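Student:
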Amino acid sequence: MSVFLTKEKQKLKAYTPGEQPKIGQFIKLNTNENPFPPPVKATDFVSQIAKNCHFYNDMNCTRLTEVFSKYYGVEKENVIFSNGSDEILAFCCQAYCDSEKGIRFPNISYGFYNVFANLYEIKSVQIPLEYDFTIKISDYFNSSETVLITNPNAPTGIALTADEIEQIVVNNPDNIVIIDEAYIDFGGETVAHLTKKHKNLIVIGTFSKSRSMAGARLGYAIADKELISDLNRIKFSFNPYSVNAMTQELGAISIEEDDYFKDSISKIISVREDFVAELDELSFITLPSKANFVFTKHPKISGEEIYNRLKDDKILVRHFKDDLISDFVRISIGTKSEMETLINSLKGIVSIK
Ligand SMILES: *Cc1c(COP(=O)(O)O)cnc(C)c1O
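First residue of the sequence shown? That's 1 in the numbering used here, and the numbers climb one at a time after it.
1) Just jot down, in chain order, the residues whose CB lies closer than 5 Å to any heavy atom of ligand 1.
2) Tell me which residues share the same chain as Pro-38 and place their Cβ nearer than 7 Å to its Cβ, disregarding the 5 neighbours each side in the sequence.
3) Alpha helix (DSSP H) containing Ser-124: first to last residue?
4) Should Ser-2 go down as buried or exposed, given a rule of 16 or more other Cβ atoms within 10 Å for buried?
5) On the DSSP bridge assignment, give the partners of Tyr-220 in chain order.
6) Does the count of Cβ pairs from the stretch 129-140 and the stretch 77-94 closer than 8 Å reach three?
7) Pairs of beta-carbons, one from the stretch 98-108 and one from the stretch 117-124, closer than 8 Å: are there three or more?
8) When you compare the CB positions of Phe-354 and Phe-328, do they come within less than 9 Å of one another, or not?
9) Spell out a yes or no on whether the stretch 187-200 and the stretch 165-175 are touching, meaning 3 or more CB-CB pairs, one atom from each, closer than 8 Å.
10) Could you name the residues of the same chain whose beta carbon sits closer than 6 Å to that of Ile-285, not counting the 5 residues immediately before and after it, in chain order?
11) Do you know whose CA, among Ser-283, Ile-268, Ser-345 and Lys-347, lies nearest Glu-33's CA?
12) At what residues does the alpha helix (DSSP H) containing Lys-297 begin and finish?
13) Hey, how far is the Cα of Asp-163 from the Cα of Thr-43?
14) Pick from Leu-201, Asp-180 and Ile-80: whose alpha carbon is nearest that of Glu-66?
15) Anyone know if the C-beta pair for Cys-53 and Val-243 falls short of 9 Å?
16) Which of the three DSSP states, helix, strand or coil, is assigned to Lys-70?
17) Hey, out of Phe-275, Ile-315, Met-246 and Pro-155, whose CA is closest to Arg-63's CA?
18) In this structure, how does DSSP classify Val-280 when only helix, strand and coil are distinguished?
19) Give me the residue from Arg-217, Ile-352, Ser-264 and Asp-58 with the minimum Cα distance to Ile-301.
20) How far does the beta strand (DSSP E) with Ser-332 in it reach, from first residue to last?
21) I'd like the span of the beta strand (DSSP E) that includes Leu-12, first residue to last.
22) What separation, rounded to the nearest whole angstrom, lies between the Cα atoms of Asp-224 and Ser-345?
23) According to DSSP, Ala-133 sits in a beta bridge with which residue or residues?
24) Taking only three categories from DSSP, how would you classify Arg-63?
25) Under a three-way DSSP split, which group does Lys-199 fall into?
26) Verify whether the separation of the beta carbon atoms of Asn-118 and Lys-11 is less than 9 Å.
27) With DSSP as the reference, please indicate the residues paired to Phe-105 in a beta bridge.
28) Just to confirm my understanding: we take Leu-342, look at its own chain, exclude 5 residues before and 5 after, and list those with CB closer than 6 Å. What are they?
29) Between Lys-41 and chain B, is there a C-beta pair that is closer than 9 Å?
30) Kindly list the residues whose CB is nearer than 6 Å to the CB of Pro-35, restricted to its own chain and excluding five residues on each side of it in sequence; keep chain order.
31) Count the other CB atoms within 10 Å of the CB of Ala-182; is the residue buried (16 or more) or exposed (fewer)?
32) Using DSSP with H/G/I as helix, E/B as strand and the rest coil, what is Asp-58?
33) For a quick check, are the C-beta atoms of Ala-14 and Val-115 less than 9 Å apart?
34) I need the DSSP call for Thr-335, collapsed to helix, strand or coil.
35) If you draw a straight line from the alpha carbon of Val-307 to that of Asn-232, how long is it in whole angstroms?
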């Protein structure tokens, strides 16, 4: 840290992302990436787009917006894109929260929320989950703060129904309710369509997980057009060009190649279900997941030990040191063969206990 950093920023505690080792060193099940690459048609196209990189990219993401809004059944003015959904989350924090209007979210959820609250000097109110790691929706009714919920939640993987989310929205007529649907395609119920009915609802999504584009950085929000215009005001005050030309085209083709997308999702869901059954056999306790990861613990082996032993076997999973969840590891769903290797490794770990 230099002596020039401002006092407030000296206090910042930055987000700690999961490890990103060189590709190929580990079976990588620690950051919820999709094990399948984007469709070949999309990646083939990128070099053509790159040839025009001497010109600025389309700041309105015109083609992507057209393809996306048609697919999701919304109007163009109900959509905004960003450099990953973390960026949209930042825009929402800047638009709808400050030191007076705080932000309310579960105490176990995506680690970035707290980081943004600190960065933007927002008062954060963190609500404990129930003993079974579920969210009690009435904890969010008539909140004094902007409400932010990940659905399905991370790292638990547990989902609320669309109906439950709607109750939170209806019971917050004076607040913005932000639903982070980063994992929605793996089995949850989206509430994107409810943005037509409720002018205080923002649904955020990402192409990083279900659409195999983590490294291309593409996120979006769907909301009433006045809210989208607020978010565009922030975006265009910060970086109008934040979604690069290659990523815009990758995103559009990803939506057009719908069969490929649906096929990879259904593979991941089916591998997840088989994997959970295998974990059961090894006496693991696994929370019911609607995401492309599972949150699981073993009655006899600590989360940290499982993490370390798997790492010795060249398999990376995620372990969080937070006391509330330190018994658990979060395991992303990879390919069938990756999960078989993992199960074999877990069998070895469990057998010596
Ligand atoms: C991965 C993730 C994001 C961020 O995704 P990017 O689009 O890659 O920035 C947002 N929210 C949750 C809950 C996530 O797990």
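All C-beta atoms in this analysis are idealised placements derived from N, C-alpha and C, irrespective of residue type, glycine included.
Just so we're clear, the structure is a prediction, and the values are computed from it rather than from any experiment.
Tutor: Per the coordinate set shown:
1) Gly-84, Ser-85, Asp-86, Tyr-110, Thr-150, Ala-154, Asp-180, Ala-182, Thr-206, Ser-208 and Gly-219
2) Ser-212, Met-213, Leu-250 and Ser-254
3) First-last for Ser-124: 124-127, but that is the beta strand (DSSP E), not the alpha helix (DSSP H).
4) exposed
5) Phe-81 and Gly-205
6) no
7) With three or more CB-CB distances shorter than 8 Å, the stretch 98-108 counts as touching the stretch 117-124.
8) This structure gives no information on residue 354, because the portion of the chain shown stretches from 1 to 353.
9) yes
10) Lys-297
11) Ile-268
12) Segment 293-297 is the beta strand (DSSP E) holding Lys-297; no alpha helix (DSSP H) there.
13) 38 Å
14) Ile-80
15) no
16) Under the three-state reduction of DSSP output, Lys-70 falls in the helix class.
17) Met-246
18) The displayed chain sequence assigns Asp, not Val, to residue 280. In the displayed model, Asp-280 falls within a helix according to three-state DSSP.
19) Ile-352
20) 329-332
21) No beta strand (DSSP E) contains Leu-12, which DSSP labels as neither H nor E.
22) 48 Å
23) Note that residue 133 is Phe in the sequence shown here, rather than Ala. Phe-133 is not bridged to any residue.
24) helix
25) coil
26) Taking 9 Å as the Cβ cut-off, Asn-118 and Lys-11 qualify as a contacting pair.
27) Gln-126
28) Ile-315
29) No chain B appears in the structure shown, which is made up of a single protein chain.
30) Gly-334 and Thr-335
31) buried
32) coil
33) yes
34) coil
35) Reading the sequence as shown, one finds Tyr at residue 307 and not Val. Approximately 41 Å between the Cα atoms of the pair.
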